[in-house]
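Trainee:
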Amino acid sequence: MSLRLFDTATREQRDFVPVRAGVASIYVCGATVQGHPHIGHVRSGLNYDVLRRWLSYRGLDVRLVRNVTDIDDKILLKAYESGRPWWEWGATHERAFQWAYDALGCLPASIEPRATGHVPQMVELMQRLIDGGHAYAAGGDVYFAVRSYPEYGELSHQRPDELNQGETEAGGKRDPLDFTLWKGGKPGEPSWPTPWGPGRPGWHLECSAMATFYLGAEFDIHGGGLDLVFPHHENERAQSRSAGDGFARYWLHNNWVTLGGDKMSKSLGNTLSVPAVLKRVRGVELRYYLVAPHYRSAIEYTDAALEESVAAYRRIESLVHRVRERAGAPEVAKVIDARFAEALDDDLGTPAALAAVHAAVREANSALDAGDHPAAVAAAERVRAMTGVLGLDPLDPQWVSADSGQDAAAGALSALVDDLLEQRAAARKARDFATADEVRDRLTAAGVIVEDNPDGSTWTLKGV
RNA sequence: GGCGGAGUGGCCGAGUGGUUUAGGCAAGGGCCUGCAAAGCCCUGUACACGGGUUCGAUUCCCGUCUCCGCCUCCA
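Numbering-wise, the working numbering puts 359 at position 331 of the first sequence, and it's gapless, one number per residue.
1. Cutting at 7 Å between CB atoms, please list the residues of its own chain near His64, excluding the five before and the five after it.
2. Among the residues of its own chain, which have a CB less than 8 Å from the CB of Phe275, if the five just before and after it don't count?
3. Between which residues of its own chain and Ser432 is the CB-CB distance below 7 Å, once the five residues before and five after are set aside?
4. Let's test the definition: count the other Cβ atoms within 10 Å of the Cβ of Asn192 and tell me whether it reaches 16, buried, or not, exposed.
5. Going along the chain, which unbroken runs of the alpha helix (DSSP H) with 4 or more residues stay wholly within the segment 380 to 452?
6. Just the C-alpha distance for Phe368 and Gly377, rounded to the nearest angstrom, thanks.
7. For the putative contact between Arg80 and Leu135, defined by C-beta atoms under 8 Å, what is the C-beta separation to the nearest angstrom?
8. So, Ser337 versus Ala320, is the Cβ gap smaller than 8 Å?
9. The beta strand (DSSP E) with Glu217 in it runs from where to where?
10. Quick one: complete alpha helix (DSSP H) runs, 4+ long, within the segment 145 to 169?
11. In chain order, what residues of the same chain lie with their CB nearer than 6 Å to the CB of Leu449, ignoring the 5 residues before and after it?
12. Quick one: grab the DSSP three-state call for Val285.
13. Report yes if the C-beta distance between Val61 and Thr36 is below 8 Å; otherwise report no.
14. Run through DSSP, which three-state label would Ile477 get?
15. State the start and end residues of the unbroken alpha helix (DSSP H) segment that holds Val338.
16. Could you tell me which residues DSSP pairs with Gly212 in its beta bridges?
17. CB Gly225 to CB Gly213, shorter than 8 Å?
18. Which residue comes first and which comes last in the alpha helix (DSSP H) that contains Ile103?
19. Roughly how many angstroms separate the alpha carbons of Tyr129 and Arg71, rounded to a whole number?
20. Mapping the DSSP letters down to three states, classify Ser30 as helix, strand or coil.
21. Look at the alpha carbon of Gln451 and the alpha carbon of Glu353, and state the distance between them as a whole number of angstroms.
22. Could you tell me the alpha carbon to alpha carbon distance between His349 and Val389, rounded to whole angstroms?
23. What does the Cβ neighbour count give for Lys307, buried or exposed, with the cut at 16 atoms within 10 Å?
24. Drop a sphere of 10 angstroms on the beta-carbon of Asp100, count the other beta-carbons inside from all chains shown, and report buried for 16 or more, exposed for fewer.
25. Is the distance from the Cβ of Thr208 to the Cβ of Tyr171 below 8 Å?
26. Please go through the same chain and pick out, in chain order, the residues whose beta-carbon is closer than 6 Å to the beta-carbon of Ala355, but skip the five residues on each side of it.
27. Does the distance from the C-beta atom of Leu254 to that of His281 stay below 8 Å?
28. Cβ atoms of Ala392 and Ala407: under 8 Å apart, would you say?
29. Can you give me the Cβ contacts of Val257 inside the same chain, cut-off strictly under 7 Å, excluding the 5 residues immediately before and after it?
30. Tell whether a beta-carbon distance below 8 Å holds between Met154 and Ala163.
31. How is the beta strand (DSSP E) around Asn95 delimited, first residue to last?
32. Look up Cys494 in the DSSP assignment and say whether it is helix, strand or coil.
33. Taking only the alpha-carbon atoms, compute the straight-line gap between Ser110 and Arg315 and give it to the nearest angstrom.
34. Alpha carbon to alpha carbon, what distance is there between Asp424 and Gly475?
35. Measure the Cβ-Cβ separation of Val363 and Gly416 and say whether it is below 8 Å.
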């Protein structure tokens, strides 16, 4: 059994065989730091986070490059409109993305290269393309000659002749299909020197240059949102392969988050920002919501669906906590359920993987009910291992640190509640249920949920 | 116009040519409990519409309807 991934280029699942044994090299198109991240942006990051965690779990040394596009038309425009320097505008939003990724438990990439830091690599690539007859300089711009690459359109399954050319007319193009590698400098805009004159990077060039700089001429996986298939990834592939690089062997594309049936996008104004959602649910809960459906399915966002995810996740979380309190702290199991592994091997089938997690949760609950503490702990350890692969382990320090629990106030609360629970236990023992219920009611009114079980009583704060 | 995706039980969301179910949420019944909560067990008989292939299709093929996406910046 091995990992199979759906490759956009072939439109079918293919066994994953890395270029270099034991190493998985992944390039993901990250943010264009023109604005704040919405939950669709972060879904993309999450999908590739699950992929890298799974590859790591399988023993591969993962090299993950997630770029930051920090120079483009919109960044310049928005910065200008806001009266801020373009580089400050980009840096500000880069931090916003970083904050969002962190809040949802995305492991840091191996490196997050910025376009502006890799102009020499871009110049080198353009030189190779010009030398090979695949690109030309004209009027300060540099263009890629699409017709010089016969396989153009193979990734997105478009025929060049069928493409509608809505692209903005640029002066020196020899063919309407040609796309811009390098934009000649305009007054007031940032520019970098090149043999063809000063200017700034076109959108597609940076990814080809950075991917091969960090991962080599040929690497394993290139990922991004579905909307990047054309023209962005098609163009990347065209320029890199024309330059003689093998480039990506598997192309993965995640679907989006829709709102009211439409793709979430800034132009439609129907975005839902990550901070806004995190005012209502915790990071780990939003992560569950975004990771639970298959990555190639669209998620139609609704408040109700988000709430359901919260309930589903809390079922897992409360089980792990219950086991810890009643049967002993579960470690992370060394072995995960075969069903779970098979699910992820099948093109990252997170829905089926979560079904396996829930089966283990039920198993642990049953063991707890039966008073079989070792079995409960063992099942909870499997739950931790599996949720850990998905970045959802309830006892992972990342999520635990967000809980209250260590500070002085929490300690005081704990002492007071424990004291009341002792009083209640004594009342129950004396079969003075009126007093016992009164104590419980007082705690409930204060937001403390009390639950009785054969091993005693436990309490939790409402809504945590 | 070209290319592609989707329509599943009250809801979210998987999946498969047929006798046994995704999973979760919500609902009803039961067990447990002093009561409750949690948990466990059980129940629901779904697959847009019309044809076709087949012994048999929700699952394959054709058509229809509806919705969405890419072809311009976009996760």
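Ideal placement from N, C-alpha and C gives every residue a C-beta, glycine not left out.
Owing to the predicted nature of the structure, the values given are computational and were not obtained by experimental measurement.
Mentor: In brief:
1. Counting from one through the first sequence, the residue named residue 64 turns up at place 36. The residues are His121, Ala124 and Ser301.
2. The count along the first sequence starts at 1 and reaches residue 275 at position 247. If you ignore the 5 residues before and after Phe275, its C-beta comes within less than 8 Å of the C-beta of Ser236, Ala239, Thr240, Ala245, Glu246, Phe247, His250, Glu264, Arg265, Ser268 and Arg269, all in its own chain and listed in chain order.
3. Position 404 of the first sequence, counted from the start, is the residue given in the question as residue 432. Note that Ser432 scores a pLDDT of 49, beneath 50, so its modelled location is shaky; the value from the coordinates is reported in the next line. Excluding sequence neighbours, Ser432 sits near Ala438.
4. Position 164 of the first sequence, counting from 1, holds the residue named residue 192. Exposed, because fewer than 16 other Cβ atoms sit within 10 Å of the Cβ of Asn192.
5. The segment 380 to 452 contains, as complete alpha helix (DSSP H) runs of 4+ residues, the segments 401 to 417 and 425 to 428 (chain order).
6. As a working note, residue 368 is residue 340 in the first sequence. As a working note, residue 377 is residue 349 in the first sequence. Taking the straight line from one Cα to the other gives about 9 Å.
7. For the purposes of this step, residue 80 is taken as the residue at position 52 of the first sequence. For the purposes of this step, residue 135 is taken as the residue at position 107 of the first sequence. About 7 Å; that satisfies the 8 Å criterion.
8. As a position in the first sequence, residue 337 is number 309, starting the count at 1. As a position in the first sequence, residue 320 is number 292, starting the count at 1. Yes, Cβ-Cβ distance for Ser337 and Ala320 is below 8 Å.
9. Translated into the one-based positions of the first sequence, residue 217 becomes position 189. Looking at the DSSP string, Glu217 is not in any beta strand (DSSP E), and its letter there is neither H nor E.
10. 147 to 159
11. Here residue 449 corresponds to residue number 421 of the first sequence, with the count starting at 1. Correct list, in chain order: Ser485.
12. Taking the first sequence and counting its residues from 1, one reaches residue 285 at position 257. In this structure, Val285 counts as strand in the three-state DSSP scheme.
13. Residue mapping note: residue 61 aligns to position 33 of the first sequence, counting from 1. Residue mapping note: residue 36 aligns to position 8 of the first sequence, counting from 1. Their beta carbons are not under 8 Å apart, which means Val61 does not touch Thr36 by this criterion.
14. Reading the first sequence from its first residue, position 449 is the one you call residue 477. The answer is strand: DSSP assigns Ile477 an E or B state.
15. Along the first sequence, one-based indexing puts residue 338 at 310. For Val338, the enclosing alpha helix (DSSP H) begins and ends at Asp331 to Arg354.
16. The sequence position of residue 212 within the first sequence is 184, counting from 1. DSSP output for Gly212 lists Gly227 as bridge partner(s).
17. Residue numbering aside, residue 225 sits at position 197 when the first sequence is read from its first letter. Residue numbering aside, residue 213 sits at position 185 when the first sequence is read from its first letter. Gly225 is a Cβ neighbour of Gly213, given a cutoff of 8 Å.
18. Position 75 of the first sequence, counted from the first residue, corresponds to residue 103. Ile103 -> alpha helix (DSSP H) spans Asp101 to Ser110.
19. Translated into the one-based positions of the first sequence, residue 129 becomes position 101. Translated into the one-based positions of the first sequence, residue 71 becomes position 43. Tyr129 and Arg71: Cα-Cα distance of roughly 10 Å.
20. Here residue 30 is taken as the residue at index 2 of the first sequence, counted from 1. Residue state, collapsed to three classes: coil.
21. As a first step, residue 451 must be located in the first sequence, where it is residue number 423. As a first step, residue 353 must be located in the first sequence, where it is residue number 325. Their Cα atoms are separated by approximately 20 Å.
22. The residue you call residue 349 lines up with position 321 of the first sequence. The residue you call residue 389 lines up with position 361 of the first sequence. Taken atom to atom, the span from the alpha-carbon of His349 to that of Val389 is near 12 Å.
23. Walking along the first sequence from the start, residue 307 turns up at place 279. Lys307 comes out exposed.
24. By one-based count along the first sequence, residue 100 stands at place 72. A buried status is given to Asp100, since no fewer than 16 other beta-carbon atoms sit within 10 Å of its beta-carbon.
25. Translated into positions along the first sequence, residue 208 becomes position 180. Translated into positions along the first sequence, residue 171 becomes position 143. Yes.
26. Here the question's residue 355 lines up with position 327 in the first sequence. Contacts found: His401, Ala404 and Val405.
27. Position 226 of the first sequence holds residue 254. Position 253 of the first sequence holds residue 281. Result yes, Cβ atoms of Leu254 and His281 sit closer than 8 Å.
28. For the purposes of this step, residue 407 is taken as residue 379 along the first sequence, with counting starting at 1. For the purposes of this step, residue 392 is taken as residue 364 along the first sequence, with counting starting at 1. In this structure, Ala407 sits near Ala392, with a CB-CB distance shorter than 8 Å.
29. As a first step, residue 257 must be located in the first sequence, where it is residue number 229. Hits under 7 Å: Thr36, Leu183, Ser184 and His281.
30. Reading the first sequence from its first residue, position 126 is the one you call residue 154. Reading the first sequence from its first residue, position 135 is the one you call residue 163. Cβ atoms of Met154 and Ala163: closer than 8 Å.
31. For the purposes of this step, residue 95 is taken as the residue at position 67 of the first sequence. Asn95 -> beta strand (DSSP E) spans Asp89 to Thr97.
32. Examination of residue 494 is not possible in this model, given that the chain is present from 29 through 492 alone.
33. Here residue 110 refers to the residue found at position 82 when the first sequence is read from its first residue. Here residue 315 refers to the residue found at position 287 when the first sequence is read from its first residue. One C-alpha to the other measures close to 32 Å.
34. Numbered from 1 along the first sequence, position 447 holds the residue referred to as residue 475. Numbered from 1 along the first sequence, position 396 holds the residue referred to as residue 424. Using only the alpha carbons, I get a separation of about 25 Å.
35. Taking the first residue of the first sequence as 1, we reach residue 363 at position 335. Taking the first residue of the first sequence as 1, we reach residue 416 at position 388. Not a contact, by the Cβ cut-off of 8 Å.
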